[in-house]
Structure formats: C-alpha cells, structure tokens
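**Q**
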Amino acid sequence: TRTTTSSSSSSSKRIATRTIITSTAKRSSFLRKSFSFLFLCSAFPSSVKSSSISEFSIMGDSEYPGTADERLETCKNRAKSLTSNELSQDWEAIVRPKLLWAAGLRDLTNVAPGKGNTGHCFNDFNHVDATTMLMQTADNEHDGSVRGIAVGNQLGEGIRAASLPDAGPGGTWCTCSLGANQEPPHDVAHVQFQSKIAWKLVWVPGELGDFSRFVLVDDAGTSLTTGVPTGNVPNIMEREHNFQMLRGGRYAECAKEYESNSDDFGVGPGFSAR
251 TRTTTSSSSS SSKRIATRTI ITSTAKRSSF LRKSFSFLFL CSAFPSSVKS
301 SSISEFSIMG DSEYPGTADE RLETCKNRAK SLTSNELSQD WEAIVRPKLL
351 WAAGLRDLTN VAPGKGNTGH CFNDFNHVDA TTMLMQTADN EHDGSVRGIA
401 VGNQLGEGIR AASLPDAGPG GTWCTCSLGA NQEPPHDVAH VQFQSKIAWK
451 LVWVPGELGD FSRFVLVDDA GTSLTTGVPT GNVPNIMERE HNFQMLRGGR
501 YAECAKEYES NSDDFGVGPG FSAR
C-alpha cells in the first residue's frame with residue numbers, strides 16, 4: 251500500500267510539474283513575441299532641431315507641433331465613417347484593411363520590415379495608434395525617452411512607402427501605445443513624434459468579458475466607432491494585454507460603454523477602467 255501510494259504521489263507530482271512547465275513555456279513564448287514587437291515600433295526623440303521648431307509651430311498643433319492636422323482630421327473622419335456592421339466582419343479580409351485605409355496606410359505585406367511593411371499594424375497589443383505626423387519628423391530616431399522602446403529604429407523610409415497620399419500632407423505610422431495609460435500620454439506618438447493620434451484601437455472586455463470587441467477612440471479618448479470582428483483576430487492574450495496596457499488612462503474609459511457581465515477577468519459590472 252505504501253509503495254502504491256508513493257508511486258501515485260510521484261506520478262501526480264510529475265504531471266503537475268509538466269503542467270507548470272507547459273504553462274510557463276506558453277507564457278514565455280508570448281512574452282518573447284510581445285517583447286520582439288517593441289523593436290518594430292516607430293519612436294522618435296522628444297527634441298527636434300531648432301531650425302524646425304518655427305515650421306512645426308506654423309504647420310502643426312501648438313501643444314504637439316509634430317501633428318499633421320489636416321491628415322489627422324481626414325483619418326479621424328474615415329474612422330468615424332466605418333459602421334459597426336463593417337467592423338464586425340472577417341478580420342483579415344475586411345476589417346483590418348479598412349482600419350489601414352482609415353489610418354492612411356497601405357496594406358503592404360510583401361516588403362521587408364522597415365521598408366513599409368504594415369502586416370503588424372493593429373494586429374498585436376501594441377501597434378494600435380494611427381499617428382499622423384509631419385514628414386519632417388519621419389527620419390528622427392528614438393533617444394530612449396519612452397520606457398520599453400528600442401533606441402534608434404529608423405523608420406522614415408517605411409513611413410514614406412506606406413503612407414497614402416490621399417489622406418493629406420504628412421505621413422502615418424501605427425506607433426507603439428506603451429505609456430498611453432499616463433496623463434498626459436507618454437507614448438511614441440506624443441513624446442517622440444510630438445504628435446496627436448488620429449485614433450487608437452482598444453480591445454475592451456465587452457459584454458461577455460472575452461475581449462471580442464474593439465473600440466476606436468480619438469486623441470481625447472472619445473469613442474468613434476466599434477466592432478466585433480470574426481475570423482483570425484489577434485489572439486486573446488494580445489487583446490487582453492492591449493486593454494491592461496491602457497488601463498488607468500483616458501483611452502480605456504471607452505470600456506465603460508460595454509461593461510462586462512462576467513467577473514472572469516476581474517472587470518465585472520461597474521468596473522472602473524482606471
């Protein structure tokens with residue numbers, strides 16, 4: 251009896267150990283993938299050459315002088331024009347291409363990263379900002395101002411290749427949203443590009459608490475439109491991570507409009523996005 255019990259106990263320990271290792275491996279794989287995304291971010295220094303400041307002040311927003319105002323309004327209006335029905339269809343075939351158009355970006359997947367490839371745009375937890383910047387900032391490099399973003403990372407060539415000219419003067423990139431939960435936002439768009447965003451994609455817990463719904467919000471955090479896409483959407487870990495990254499700031503407030511009826515994610519009825 252003692253031998254049988256000991257054997258059973260050892261077997262249970264081995265199964266538990268394998269379960270922990272498998273779970274840890276999956277989590278580590280996701281973290282490695284998420285970390286690698288950081289190095290694709292467009293990031294630019296918070297300082298600009300003095301010769302450019304007066305030009306920025308004339309052409310862009312006074313608080314965020316790197317903003318391409320006309321392009322921002324075009325892209326914001328494009329997002330507002332997208333209906334919930336349009337955004338609740340197949341993710342790869344219909345929804346994401348419409349998001350790229352609304353951002354003023356081409357759908358480019360047959361070119362190398364850094365050459366205009368937009369395959370990652372709005373396709374993970376982090377690259378969810380439609381940032382409309384003056385082209386004078388496109389060749390700047392990140393100086394380390396935003397925590398978690400790689401230093402350097404020249405993306406000017408890619409921005410020029412991917413930006414749709416019919417969206418207005420300037421360029422667009424799907425910049426990293428890390429730091430957007432702070433007030434004011436301390437993300438790539440606002441700190442490095444010195445630019446407002448036309449809109450941001452936020453995955454919210456939603457009515458079922460399954461993060462199946464996204465909301466597009468403008469720079470102030472005001473909801474523009476929403477959808478529940480089908481098909482090969484970003485996985486649940488990416489979607490939940492997106493919301494948790496933004497929680498505590500203006501951009502997560504939109505989740506209150508679609509509060510969950512479940513406590514599965516710790517964001518049940520009446521939860522505060524902050």
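Positions 251 to 524 (the numbering used here) are the ones given, in order, by the sequence shown.
Glycine is no exception: its CB is placed at the ideal position from the N, C-alpha and C atoms.
Of the residues A448, P434, P479, which one's Cα is nearest the Cα of C424?
**A** Reading the sequence shown from its first residue, position 174 is the one you call residue 424. Selected option, being the one with the closest Cα: A448.
**Q** Looking at the secondary structure, which residues open and close the beta strand (DSSP E) in which I447 lies?
**A** Residue 447 sits at position 197 when you count from the first residue of the sequence shown. From DSSP, the beta strand (DSSP E) with I447 extends over 447-454.
**Q** With burial defined as no fewer than 16 other Cβ atoms inside 10 Å of the residue's Cβ, what is the status of T368: buried or exposed?
**A** Position 118 of the sequence shown, counting from 1, holds the residue named residue 368. The residue in question, T368, is buried, as its Cβ has 16 or more Cβ neighbours within 10 Å.
**Q** On a CA-only basis, which of E488, E457, A470, P435 is nearest G477? Give me that one, please.
**A** Walking along the sequence shown from the start, residue 477 turns up at place 227. It is E457.
**Q** Tell me H377's beta-bridge partners as DSSP assigns them.
**A** Residue mapping note: residue 377 aligns to position 127 of the sequence shown, counting from 1. Beta-bridge pairing links H377 to C426.
**Q** What did DSSP end up calling E507 once you bin it into helix, strand or coil?
**A** Counting from one through the sequence shown, the residue named residue 507 turns up at place 257. In this structure, E507 counts as helix in the three-state DSSP scheme.
**Q** Do you know how far the Cα of D469 is from the Cα of K446?
**A** Taking the first residue of the sequence shown as position 1, residue 446 is located at position 196. Taking the first residue of the sequence shown as position 1, residue 469 is located at position 219. Their backbone Cα atoms lie some 6 Å apart in a straight line.
**Q** Sort out for me which residues DSSP pairs V465 with in a bridge.
**A** Along the sequence shown, read from residue 1 onward, the residue named residue 465 stands at position 215. DSSP, once it has assigned bridges, lists V452, T476 as partnering V465.
**Q** Does the beta-carbon distance from M495 to L451 come in below 8 Å?
**A** Here residue 495 refers to the residue found at position 245 when the sequence shown is read from its first residue. Here residue 451 refers to the residue found at position 201 when the sequence shown is read from its first residue. No; because the gap between Cβ atoms is not below 8 Å, this pair is not in contact.
**Q** Pull up the distance between the alpha-carbon of L355 and that of F464, whole angstroms please.
**A** In the sequence shown, the residue the question calls residue 355 occupies position 105. In the sequence shown, the residue the question calls residue 464 occupies position 214. Their Cα atoms are separated by approximately 19 Å.
**Q** When DSSP labels each residue in this structure, what does D416 get in the three-state scheme?
**A** Translated into positions along the sequence shown, residue 416 becomes position 166. Correct three-state label for D416: helix.
**Q** For the alpha helix (DSSP H) that contains H491, what are its first and last residues?
**A** Residue 491 sits at position 241 when you count from the first residue of the sequence shown. Its alpha helix (DSSP H) spans residues 486-496.
**Q** Comparing C-alpha positions only, which one of D340, A329, F372, E323 sits nearest to L474?
**A** In the sequence shown, residue 474 corresponds to position 224, counting from 1. Nearest of D340, A329, F372, E323 to L474, Cα basis: A329.
**Q** Give the DSSP-derived three-state secondary structure of F280 in the structure shown.
**A** Locating residue 280 in the sequence shown gives position 30, where the first residue counts as 1. In this prediction, F280 has a pLDDT of 45, which is less than 50 and means its spatial position is unreliable; nothing more can be read from the coordinates.
**Q** Compare the C-alpha of H377 against each of T422, V361, R410 and name the closest.
**A** Here the question's residue 377 lines up with position 127 in the sequence shown. Here the closest residue by C-alpha is T422.
**Q** Cα-Cα, which of C426, W453, P455, V454 is closest to Q442?
**A** Within the sequence shown, numbered from 1, the residue matching residue 442 stands at position 192. When only C-alpha atoms are compared, the closest one is C426.
**Q** Tell me which residue opens and which closes the alpha helix (DSSP H) that L322 is part of.
**A** Along the sequence shown, read from residue 1 onward, the residue named residue 322 stands at position 72. Counting along the chain, the alpha helix (DSSP H) containing L322 begins and ends at 319-331.
**Q** Alpha helix (DSSP H) containing L350: first to last residue?
**A** Here residue 350 refers to the residue found at position 100 of the sequence shown. Where L350 is concerned, the enclosing alpha helix (DSSP H) stretches over 346-353.
**Q** Who are the near neighbours of L349 in its chain, counting only those whose CB is closer than 6 Å to its CB and skipping five residues on each side?
**A** To locate residue 349, count along the sequence shown from 1; it is residue 99. These residues qualify, in order along the chain: F372.
**Q** According to DSSP, is T382 helix, strand or coil?
**A** For the purposes of this step, residue 382 is taken as residue 132 along the sequence shown, with counting starting at 1. The answer is strand: DSSP assigns T382 an E or B state.
**Q** From the DSSP output, read off the bridge partner residues of G421.
**A** Numbered from 1 along the sequence shown, position 171 holds the residue referred to as residue 421. Note: G421 sits in a beta bridge opposite M383.
**Q** Out of curiosity, what's the CA-to-CA distance linking S312 and A411?
**A** Locating residue 312 in the sequence shown gives position 62, where the first residue counts as 1. Locating residue 411 in the sequence shown gives position 161, where the first residue counts as 1. Those two C-alpha atoms are separated by around 27 Å.
**Q** Please confirm whether P484 and D374 have their CB atoms less than 8 Å apart.
**A** Residue 484 sits at position 234 when you count from the first residue of the sequence shown. Residue 374 sits at position 124 when you count from the first residue of the sequence shown. Yes, these two residues count as a Cβ contact at 8 Å.
**Q** Tell me the DSSP bridge mates of D340?
**A** Taking the first residue of the sequence shown as position 1, residue 340 is located at position 90. Beta-bridge pairing links D340 to T480.
**Q** Under three-state DSSP, which class holds G499?
**A** For the purposes of this step, residue 499 is taken as residue 249 along the sequence shown, with counting starting at 1. Residue state, collapsed to three classes: coil.
**Q** How about M385 and G316: do their beta carbons lie closer than 8 Å?
**A** Residue 385 sits at position 135 when you count from the first residue of the sequence shown. Residue 316 sits at position 66 when you count from the first residue of the sequence shown. Result no, Cβ atoms of M385 and G316 do not sit closer than 8 Å.
**Q** Could you check the C-alpha separation between K506 and V467 for me, to the nearest Å?
**A** Reading the sequence shown from its first residue, position 256 is the one you call residue 506. Reading the sequence shown from its first residue, position 217 is the one you call residue 467. Using only the alpha carbons, I get a separation of about 13 Å.
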